[in-house]
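Chemist: Numbering (our numbering), first residue to last: -17 to 498.
Got a structure for you, questions after.
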Amino acid sequence: MVKITVFDGSSTIGGNKIYLEEGDEAVFLDFGMNFARYGEFFQEFLSERDTRGIHDLIHLGMIPRISPYRRDLIPSDLDTSSFRKLAPKAVLLSHAHLDHCGNISLLDRSIPVVASGVTAAILKGMRDTGASGMGSEVAYISTRVPHDDYGGLVLASGRNLPYMGRDFYCTDCAEAILEFMSQKPGQGSRNSKKLEPGKIRDLSQLRLHWGVEAYPVDHSIYGATAYVLKGETTVAYTGDMRLSGRNRELTRKFVQGARSADVLVCEGTRVGRAHDSDVTEDEVMRSCLAAAEGSGKLTVADFSARNFERLDMFIEIAGRTGRRLVITAKDAYLINAIECADGSHRLDSGAIGIYREMSPAERKWESEVVRPKWGNAYVAYDEISRAPGDYILCFSLFDMKHLLDIKPDGGSYIYSSSEAFSEEQEIDFRRLKAWLDRFGFSAYGFHMEGEEGAEVPRFEKGYHASGHLSADEIVGVIKEIGPGKIVPVHTEDPGWFREQFGDRVVLPEEGKTIDA
Ligand SMILES: [Zn+2]
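Put into structure tokens, the structure is as follows:
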């Protein structure tokens, strides 16, 4: 009999930490960060203190009181002796969104991660280019040591210690990824910290009680994977998935593979959402193409940096409108990461340019990887100024400052990303609107409503498709799989599942073990 404990993500969207035990063995399905909980106490300029390790997160109830956290993150005043002792053999990671992977960085490094090659590469690429801090240390960690002056209360990165890579078991292991995972840009210089890479192996080499089947599925990030674990009890886990994208056939294969599972752990992101809209990626393509076609001026496309499927769509739109797509150097580095894993060659075609930022010093990952590979693809601000109608720029609010150099005279801004769901994000839209007004841009995908100064964004249908199953699709998926039991996660409305499927639904309570 399998035991399932949902430590987090039972009544929020994200933060999934699902513990599965059978016989003497156990694994975690995802170990994500719970944004809803973080948001109760933290915002951009108020976050957990790295120097106190996991102290703040434990005391604010943002991570569960369990045992296998990194020892170097436990300060001397945090007593973990009463924490529930778990022994997961691995984390089976569904995809590289932070609400599924974010808290892996806190876990003891002896716990390997099972993931697709693309997911591993994205995590490594994000770590190479991103901010430091313990929250981002999934692919490799910076070991903390107690600071001399504070008796173990204060933890600091060990200057002379190398970065330590985490071990991965890839569900599909490409040769090029091994090299990518073992190199950290900048480590060649004399004084820099070196990376001691983790082991990257094929999933077949992981000895587990369960037979693990990994299914690539369609979601708003490439590399998403659903799992079927075959033990005495067969457990299927959806991760996040959809049936409205161009790779929906992948999701269907998982549904077939999961048929008659004893237990289905199922996401329910959209079941409780009032403003649910069924937009497909094909409709998004049509809306965005029309917006780009209608403008003879500069077009800016704003979509999530990790939504590579949307990037592929804008490459197509650029081709069809006779424009060149220009991305940031950071995007190029992440594309390089993906290419190591899936063998694609988006940047080699010459169809994509890379925006040359006005900065005297290049970052290491840029000077050592992006520039040597694609130095010819760089596009400077003045080239765009001379013929703005020849370009689609992949920028977001945070790149608006570059418009001060390009100085466009009007243009189109296509917002093709998720709706704002917090007040802070709404304020960001006011800022975005100010930038667009300043340069005379028309906005597609959203508009502002309300009083001057207190305006809120309203999102227009057709410019963004959800990464998740709709309520009707979940009903269809569950009927086809026909599981004995259903455990809803990643939802604000677990009760919806009960209404649909009655007693087969086991509503998980946080930290309480279910015998399934
Ligand atoms: Zn996701």
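Glycine residues also receive a C-beta, built at the ideal position from the N, C-alpha and C atoms.
Compute the distance between the beta-carbons of residue 66 and residue 45, then report whether it is under 8 angstroms.
Modeler: no
Chemist: Excluding the 5 residues preceding and the 5 following residue 3 in the sequence, name in chain order all residues of the same chain whose CB lies nearer than 6 angstroms to its CB.
Modeler: -15
Chemist: Run the Cβ filter for me: residues under 5 angstroms from any heavy atom of ligand 1, listed in the order they occur in the chain.
Modeler: 79, 222
Chemist: Taking residue 538 as part of the alpha helix (DSSP H), name the residues at either end of that continuous run.
Modeler: With the chain covering -17 to 498 only, the question about residue 538 has no answer from this structure.
Chemist: Starting from the Cα of residue -7, find the closest Cα among 477, 466, 61 and give me that residue.
Modeler: Per the Cα distances, 477.
Chemist: Which residues in the same chain have their Cβ closer than 8 angstroms to the Cβ of residue -17, if we skip the five residues on either side of it in sequence?
Modeler: 4, 214, 215, 497, 498
Chemist: Note down, one range per segment and in chain order, each alpha helix (DSSP H) of at least 4 residues found wholly within the region 313 to 367.
Modeler: 353 to 356
Chemist: Do you know offhand how far residue 449's Cα is from residue 495's?
Modeler: 29 angstroms
Chemist: Looking at the strands, I want to know which residues DSSP matches up with residue -1.
Modeler: -10, 13
Chemist: Give the straight-line distance between the Cα atoms of residue 425 and residue 266, rounded to the nearest whole angstrom.
Modeler: Rounded to the nearest angstrom, the two C-alpha atoms are 15 angstroms apart.
Chemist: Tell me the DSSP secondary structure of residue 56 in three-state form.
Modeler: coil
Chemist: Can you list, in chain order, the residues of its chain whose CB lies under 7 angstroms from that of residue 319, leaving out five sequence neighbours each side?
Modeler: 103, 104, 106, 107, 162
Chemist: Are at least three pairs of beta-carbons, each pair with one atom in the region 231 to 241 and one in the region 272 to 284, less than 8 angstroms apart?
Modeler: no
Chemist: In angstroms, rounded to a whole number, what distance separates the CA positions of residue 345 and residue 310?
Modeler: 13 angstroms
Chemist: Any idea if residue 409 is buried or exposed, counting beta-carbon neighbours within 10 angstroms, 16 or more meaning buried?
Modeler: exposed
Chemist: Would you give the residue range spanned by the beta strand (DSSP E) that residue 429 belongs to?
Modeler: 428 to 431
Chemist: What does the Cβ neighbour count give for residue 241, buried or exposed, with the cut at 16 atoms within 10 Å?
Modeler: Answer is exposed; the Cβ neighbour count stays below 16.
Chemist: So is residue 331 buried or exposed if we call it buried at 16+ other beta carbons inside 10 Å?
Modeler: A residue is called buried when at least 16 other Cβ atoms come within 10 angstroms of its Cβ; residue 331 does not meet this threshold and is exposed.
Chemist: Going by alpha carbons, who is nearest to residue 152 out of 221, 1, 365, 188?
Modeler: 188
Chemist: For residue 120, which residues does DSSP report across the bridge?
Modeler: Its beta-bridge partners do not exist; DSSP assigns none.
Chemist: Which complete alpha helix (DSSP H) runs does the region 448 to 479 hold, if anything under 4 residues is left out?
Modeler: 453 to 463
Chemist: Leaving out five residues on either side along the sequence, give the residues of the same chain with a beta carbon under 6 angstroms from the beta carbon of residue 226.
Modeler: 262, 447
Chemist: Given a cut-off of 8 angstroms, decide if residue 207 and residue 101 are closer than it, judged by their beta-carbon atoms.
Modeler: yes
Chemist: Please classify residue 394: is it buried, with 16 or more other beta-carbons within 10 angstroms of its beta-carbon, or exposed?
Modeler: Residue 394 sits buried, since 16 or more C-beta atoms from the chains shown fall within 10 Å of its C-beta.
Chemist: Going straight from the alpha carbon of residue 392 to that of residue 418, what length do you get?
Modeler: Cα to Cα, the separation comes out at about 9 angstroms.
Chemist: Exposed or buried, residue 12, counting other C-beta atoms within 10 Å across all chains shown (16 or more means buried)?
Modeler: buried
Chemist: Here's a check: name, in chain order, each residue in its chain whose Cβ is nearer than 6 angstroms to the Cβ of residue 70, leaving out the five neighbours to either side.
Modeler: 8, 9, 10, 93
Chemist: Compare the Cα-Cα distances from residue 474 to each of 326, 352, 249 and report the closest residue.
Modeler: 249
Chemist: Where do the ends of the alpha helix (DSSP H) carrying residue 273 lie?
Modeler: 263 to 275
Chemist: If you draw a straight line from the alpha carbon of residue 211 to that of residue 196, how long is it in whole angstroms?
Modeler: 9 angstroms
Chemist: So residue 205 and residue 137 are in contact, right, with Cβ under 8 angstroms, and what is the actual spacing, rounded?
Modeler: Beta-carbon to beta-carbon, residue 205 and residue 137 are separated by about 32 angstroms, too far to satisfy the 8 angstroms threshold.
Chemist: Taking the alpha carbon of residue 529 as the point to measure from, which residue in 481, 375, 342 has its own alpha carbon closest?
Modeler: In the structure as shown, the chain begins at -17 and stops at 498. Residue 529 is therefore absent and cannot be evaluated.
Chemist: Please name the residue, chosen from 274, -11, 343, 292, that lies closest to residue 304 on a Cα-to-Cα basis.
Modeler: 274
Chemist: Around the Cβ of residue 64, are there at least 16 other Cβ atoms within 10 angstroms (buried) or fewer (exposed)?
Modeler: exposed
Chemist: Around the Cβ of residue 28, are there at least 16 other Cβ atoms within 10 angstroms (buried) or fewer (exposed)?
Modeler: exposed
Chemist: Where DSSP assigns a beta bridge to residue 442, which residues make up the other side?
Modeler: BP columns for residue 442 are empty, so no partner.
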